[in-house]
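Trainee:
Numbering (the numbering used here), first residue to last: 119 to 1040.
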C-alpha cells in the first residue's frame, strides 16, 4: 500500500468534494484585505499570537531549516515541497554563510561575488519547494574543514547563535530541521557547528535569560516544538512503500520519519523527485548541474529520512505517512491530543545503571482548554520496574501537570544498549505519546582518551543534556605503521559510590597493548582516573588506510568490570602509513627524477578514498620524498587516462574540480585541524588568455594561509610535465621548511599526498586517490601518514598565526535579501531590525538609463541602493553615510536588463543599532 496519503488528497485550499480552506489560507486572504482596506475581518476567529502575527502581514513559519551553506538544505526539498503543497506548511531556511569559500564550476567569481551567485542559486532552488524566506547570516565561509570548534571560533562563537535565535523569535517556527550535530567521522565542521547552533537555539530561544536584548527590539521568547536531523543512520527502503515499511536505525533508540520523494505534484504536473532534480541542478556553481537525474522507476525513487533529535509535543507513528514528522507539532494527530499540547519526558540521568533506580518526569501542558482525567503511562523495556502514580487528574487550560516515576533496570541489563522509553498521556480529549532515549551504562567504564575535538563535543552534549547525540561518535586514534605510542586510558565511575575495577583491552594480531590488564582502585563516585598504556604496531606488514579491512580501522575493545558487571567500549585505531625518508643533495626541480635525486623507493598514492572506483590505468600514482637541511622535496608521478578540464591560469583554486594533486604537511604531527598546517595544491597544466598552455599553477588551500603560491609561500618551487600522448603527468616540488607554519618535528611529521581525478570537462572531479586514505582525510591531520626525516634535528616550535579569510558576502549588500527583508521585516543577516517605517522609498521613477528616487530615513547610517532585475544587479550606488530625513538619490542603470524583467529598487540602511530595508518595483 502506498504510504503517501498526500497523493490521495487535494491541496489544502481545494474546496471541492467538501474540503474547506485551511486556517492559514483564510488568514492570508484576511491579511490582504486588512492591508488593502483597513477593515477588520477576524471578528469571528480567535487568533493565537502566531496567527495574529500572520494576520498583521509578518512572517510566521511552520518549519525552519538551519544549515551552513547554500545547498545544505537540498536533499530535504522534496519533503518540504510536498509538505507545502499538500499540507500548507510554510518553510524557511537559515544559511549561516553564503558559501563564498566553495568551488565555482561556472565562472571565475570567488569570495563575496561567488556568495551572491550562490544565494541566487539557493533562492531559486528552494523556491521550487515553495520556500520564500531565506535568511543568510553573513558568517564567512572560510574553507573546507572537519573542525566544529574552528568553525565556531571563526564565526564568532555566540554572535551567530544570537542571530539564529533572533530569526527564530521573529519567524516562530514550530519545527526546526538541521544537519548532523554529532562529531562523527567525516562530518563537515561547518555542517556540524551549524547543527550544534540549531540544537542550542531550539533549547534556548524560549528562555527569557538568553539574549534579552532581543526583547528590546520587540521580539518575545519562542519555544519550538520539535527538532529533526535531515538524514539518518541505518537502513530504509526506496519506493512508494518505504515509509510504511519503516526504517531500521543503527541506534535502536533513534526515531526516524520519512517522506517519499516520488509523490506526484498536482501543482507542477510531475513527481517531487523530478522537482528535486531541478532544485539540485540549480546549484550549478558546485558542479551539481552534472548530477544524474533520479530514477523514473517508482520502486527506485528514494525517501528523505529525518531523525528525531527532540520533541516537546506528542509524536505519531513514523510509518503513518509522509508528513508524520510534523504530526503533533504543526499538524494534528488523528484521535490525538489537541494540537499545541506539550508533552515532555525527562530523567535525572542519561546513562542508567543495572539495578540502580533513577527518576523520570512526564510534564503535560494544555492549550486553550482543560484536559480532563489525564493519566500518564510509561512503556519500558522488559524486566524494568516502574513505580509511581501516573494519574494527574484534570490539567487546567494553559497549565502544566507533572507525573513522577522511579524506574529500575534489572541487575542483568545489558550494558551499552540504547533504549527508548515511551510516555503515553491519556485524556478524555485524546491520547498522545513522546519518547526518551537512554543508555544502559556499566558502573565503571573505560576507554582510550578521546581526541580534544571529540572531548569538547561530548562535554557540550553533557552540558545541554543531549547525550543522545553521542551514540554514533567513535573514539579512534591514529598510530603510524610499525610505531609505538603512549595513550591515556580514562576510567570513569558512573555509580554513586567509590568503586574499583578491572580493565582489559583486546586488540587484533599485530597490535599489542602494554599493559593489557590493569587494576584500578578506589575511583571516587562520579569521578575519573587516568592511566597510561602503550599501543604498538608489532607487525609492520599490516595494511594501512583504505588498503585494510574496515577502512584501516583496527578494533580495540576496552572492558571494565566492577561489582560483577562488565561494560565494553568498542573503540578503534587508525593505522596510518609511514615513510622514513633518506636525505639527498642537489635536487633540481625540473619534473625529472634524476638517478640519485630521490634515494629509496616510492610510496603508493593510488588507493581510492572517495568517489568512483578506478583501475590503475584510469588513475594511480607514486611519490618519492627526500630532503636536505633547508627543504622537503616531493616528486609525484600520476597515471591518468583522460585529461580533465584545463583551467585558466587565474582560476588557481579549488583544485578538486579537475586533475590535480595536493601535498599536506603537519609540521609537528599534532594539529587538530588544517589551520595550523601547510597544504599545497598543484594544477599540472593551465591555459593562458590566448588559449595556449601556460604550465602549472600552485597555491595553498584549506590551510593556514590560502592563496596563490607566489603570495602565500613564494620560495616554493614547482615544475610539471604533462606527457604526450596523454597518459598522465609528473609534478616536482621543493618546499622550504621556512615556509611551513611551525618548526618541524622530524620524528613524526604529518604527511599525505592525494590525487584528484576528473574525466570530464564540466569542472567536476569523479575520483580521489592517495597515500593515507580515509573519508574526509584532506581536512583531518590526525589521519595523515607519518613522515620521518631522521638526519634532521627537532626545530623549536614557533607556530605562525593562521590567516583565515574573513570577508563574506553581506545581506545589506544583497538586493535579494533586501527585497525579502522589506517584505517580512526580519533584520538583514539576522541582525536587529530598526523597525517598520525606518526606511521608505517615497517615490522612484525610471527615466532613460537612470532611476531617480526619494528616500526617507528616520535614522542616520550607511545607505546602499541597488537595481535588481530578478537575475542580477544592473545598477548601484556607492555606500553613503546619511543623516535622518529625506534625500534624493540617482541610480544609473549600468547593466543589461533581462527581457521582460521587472526592475526593482532595493535600498538598505545600516548603523550600529541594526538595519532596515525598503524595495519598490519600477
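For every residue, glycine included, the Cβ atom is placed at its ideal position computed from N, Cα and C.
Keep in mind the model is a prediction, meaning the values are calculated, not measured.
Starting from the C-beta of residue 171, find all residues in its chain whose C-beta is less than 6 Å away, skip the five residues before and the five after it, and write them out in chain order.
Mentor: Taking the first residue of the chain shown as position 1, residue 171 is located at position 53. Note that residue 171 scores a pLDDT of 41, beneath 50, so its modelled location is shaky; the value from the coordinates is reported in the next line. Only 178 meet the Cβ criterion.
Trainee: Might you give, ordered along the chain, the residues of its own chain that have their beta carbon closer than 7 Å to the beta carbon of residue 427, omitting 5 neighbours on each side?
Mentor: Position 309 of the chain shown holds residue 427. Excluding positions up to five away in sequence, the list reads 317, 345, 346, 347.
Trainee: Would you list the residues sitting across from residue 539 in a DSSP beta bridge?
Mentor: Residue numbering aside, residue 539 sits at position 421 when the chain shown is read from its first letter. Beta-bridge pairing links residue 539 to 554.
Trainee: What three-state label does DSSP hand residue 377 in the structure shown?
Mentor: The residue labelled residue 377 in the question sits at position 259 within the chain shown. In this structure, residue 377 counts as strand in the three-state DSSP scheme.
Trainee: Rounded to the nearest angstrom, what separates residue 626 and residue 471 at their Cα positions?
Mentor: In the chain shown, the residue the question calls residue 626 occupies position 508. In the chain shown, the residue the question calls residue 471 occupies position 353. Rounded to the nearest angstrom, the two C-alpha atoms are 30 Å apart.
Trainee: In its own chain, which residues sit with a C-beta less than 7 Å from the C-beta of residue 643, not counting the 5 before and 5 after it?
Mentor: Along the chain shown, read from residue 1 onward, the residue named residue 643 stands at position 525. Once the five neighbours on either side are set aside, the close Cβ partners of residue 643 are 611, 613, 614, 615, 616.
Trainee: Could you work out which residue in 176, 341, 940, 532 is closest to residue 682 when comparing CA atoms only?
Mentor: If you number the chain shown from 1, residue 682 lands on position 564. Among 176, 341, 940, 532, the Cα nearest to that of residue 682 belongs to 532.
Trainee: The alpha helix (DSSP H) spanning residue 238 covers which residue range?
Mentor: Here residue 238 refers to the residue found at position 120 of the chain shown. Note, residue 238: alpha helix (DSSP H), 230-246.
Trainee: Do residue 973 and residue 959 have their beta-carbon atoms positioned less than 8 Å apart in this structure?
Mentor: The residue given as residue 959 occupies position 841 in the chain shown. The residue given as residue 973 occupies position 855 in the chain shown. Yes.
Trainee: Measure the alpha-carbon distance for residue 670 versus residue 692 and round it to whole angstroms.
Mentor: On the chain shown, residue 670 is found 552 positions in, with the first residue counted as 1. On the chain shown, residue 692 is found 574 positions in, with the first residue counted as 1. So the alpha carbons of these two residues sit roughly 6 Å apart.
Trainee: Kindly list the residues whose CB is nearer than 6 Å to the CB of residue 680, restricted to its own chain and excluding five residues on each side of it in sequence; keep chain order.
Mentor: As a first step, residue 680 must be located in the chain shown, where it is residue number 562. Taken in chain order, the residues that qualify are 561, 562, 617, 619.
Trainee: Quick one, are the C-beta atoms of residue 946 and residue 1026 less than 8 Å apart?
Mentor: Against the chain shown, residue 946 aligns to sequence position 828. Against the chain shown, residue 1026 aligns to sequence position 908. Yes, the pair counts as a contact, with Cβ atoms nearer than the cut-off.
Trainee: With distances taken Cα to Cα, identify the nearest neighbour of residue 226 among 404, 433, 706.
Mentor: Along the chain shown, one-based indexing puts residue 226 at 108. If we check each option's Cα against that of residue 226, 404 comes out closest.
Trainee: When we look at the beta-carbon of residue 517 and count the other beta-carbons within 10 Å, is it buried (16 or more) or exposed?
Mentor: If you number the chain shown from 1, residue 517 lands on position 399. Residue 517 should be labelled exposed.
Trainee: Within a Cβ cutoff of 7 Å, which residues of the same chain sit near residue 398, ignoring the five residues on either side of it in sequence?
Mentor: Counted from its first residue, the chain shown places residue 398 at position 280. Here the set comprises 192, 406, 409.
Trainee: Express the C-alpha separation of residue 298 and residue 306 in angstroms, rounding to a whole number.
Mentor: Taking the chain shown and counting its residues from 1, one reaches residue 306 at position 188. Taking the chain shown and counting its residues from 1, one reaches residue 298 at position 180. Distance between the alpha carbons of residue 306 and residue 298: 9 Å.
Trainee: Report the CB separation of residue 778 from residue 801 in whole angstroms; it is logged as a contact under 8 Å.
Mentor: For the purposes of this step, residue 778 is identified with residue 660 of the chain shown, where counting begins at 1. For the purposes of this step, residue 801 is identified with residue 683 of the chain shown, where counting begins at 1. Yes, residue 778 and residue 801 are in contact; Cβ-Cβ is about 5 Å, under 8 Å.
Trainee: Any idea what DSSP makes of residue 815, helix, strand or coil?
Mentor: Working through the chain shown from its first residue, we reach residue 815 at position 697. Correct three-state label for residue 815: strand.
Trainee: Just list the alpha helix (DSSP H) runs in the stretch 684-762, keeping only unbroken ones of 4 residues or longer that don't cross its boundaries, in chain order.
Mentor: Fully enclosed alpha helix (DSSP H) runs of 4 or longer: not present.
Trainee: So, with DSSP's three-state summary, where would you put residue 63?
Mentor: Absent from the model: residue 63. The displayed extent of the chain is 119 to 1040, so no value can be given.
Trainee: Count the other CB atoms, across all protein chains shown, that sit within 10 Å of the CB of residue 156; report buried if there are 16 or more and exposed otherwise.
Mentor: Position 38 of the chain shown, counted from the first residue, corresponds to residue 156. Here residue 156 scores only 29 on pLDDT, less than 50, and its place in the model should not be relied on; the value that follows carries that caveat. With fewer than 16 other Cβ atoms within 10 Å, it is exposed.
Trainee: Please return the same chain residues whose Cβ sits closer than 7 Å to the Cβ of residue 162, not counting the five positions on each side in sequence.
Mentor: Position 44 of the chain shown holds residue 162. Low confidence applies to residue 162: its pLDDT is 31, below 50, so where it sits in the model is not reliable enough to give any reading.
Trainee: Given residue 1021, which residues of its chain have a CB within under 7 Å of its CB, disregarding the five upstream and five downstream residues?
Mentor: By 1-based counting over the chain shown, the position of residue 1021 is 903. Contacts found: 964, 985, 987, 1015, 1040.
Trainee: For residue 91, I'd like the list of residues in its chain whose CB is within less than 7 Å of its CB, leaving aside the five on either flank, ordered along the chain.
Mentor: As displayed, the chain neither begins before 119 nor continues past 1040, which places residue 91 out of reach and without an answer.
Trainee: Hey, could you find the ends of the beta strand (DSSP E) residue 647 is sitting in?
Mentor: Numbered from its first residue, the chain shown carries residue 647 at position 529. Counting along the chain, the beta strand (DSSP E) containing residue 647 begins and ends at 646-655.
Trainee: Is DSSP giving residue 505 helix, strand or coil here?
Mentor: Sequence index remark: in the chain shown, residue 505 carries index 387 (1-based). Of the three classes helix, strand and coil, the one that applies to residue 505 here is strand, per DSSP.
Trainee: Taking the straight line between their C-alpha atoms, what separation do you get for residue 847 and residue 995?
Mentor: Numbered from its first residue, the chain shown carries residue 847 at position 729. Numbered from its first residue, the chain shown carries residue 995 at position 877. Taking the straight line from one Cα to the other gives about 49 Å.
Trainee: So does the stretch 898-907 actually touch the stretch 777-795, counting three or more Cβ pairs closer than 8 Å?
Mentor: Yes: at least three Cβ pairs fall under 8 Å.
Trainee: In chain order, which continuous runs of the alpha helix (DSSP H) of length 4 or greater are located wholly inside the stretch 804-889?
Mentor: Runs of the alpha helix (DSSP H) inside the stretch 804-889: 827-830.
Trainee: Sorted by chain position, which residues of the same chain lie with C-beta nearer than 7 Å to residue 265's C-beta, five sequence neighbours on each side aside?
Mentor: Position 147 of the chain shown, counting from 1, holds the residue named residue 265. Within the same chain, residue 265 has close Cβ partners 307, 571, 790, 791.
Trainee: Specify whether the stretch 886-896 and the stretch 927-935 touch according to this definition: at least 3 beta carbon pairs, one from each stretch, less than 8 Å apart.
Mentor: Output reads no: the stretch 927-935 does not touch the stretch 886-896.
Trainee: CB residue 1023 to CB residue 1037, shorter than 8 Å?
Mentor: Position 905 of the chain shown holds residue 1023. Position 919 of the chain shown holds residue 1037. A contact, by the Cβ cut-off of 8 Å.
Trainee: Counting Cβ pairs closer than 8 Å, one from the stretch 518-527 and one from the stretch 474-487, do we hit at least three?
Mentor: Flag = yes, the stretch 518-527 and the stretch 474-487 touch.
Trainee: With DSSP collapsed to three states, give me the class of residue 902.
Mentor: Taking the first residue of the chain shown as 1, we reach residue 902 at position 784. Three-state result, residue 902: coil.
Trainee: Can residue 289 and residue 312 be called in contact, C-beta distance under 8 Å?
Mentor: Start at 1 with the first residue of the chain shown, and residue 289 comes out as number 171. Start at 1 with the first residue of the chain shown, and residue 312 comes out as number 194. No, these two residues do not count as a Cβ contact at 8 Å.
Trainee: Residues in the same chain with beta-carbon distance under 8 Å from residue 921, minus the five sequence neighbours each way, listed in chain order, please.
Mentor: As a position in the chain shown, residue 921 is number 803, starting the count at 1. Answer for residue 921: 822, 823, 824, listed in chain order.
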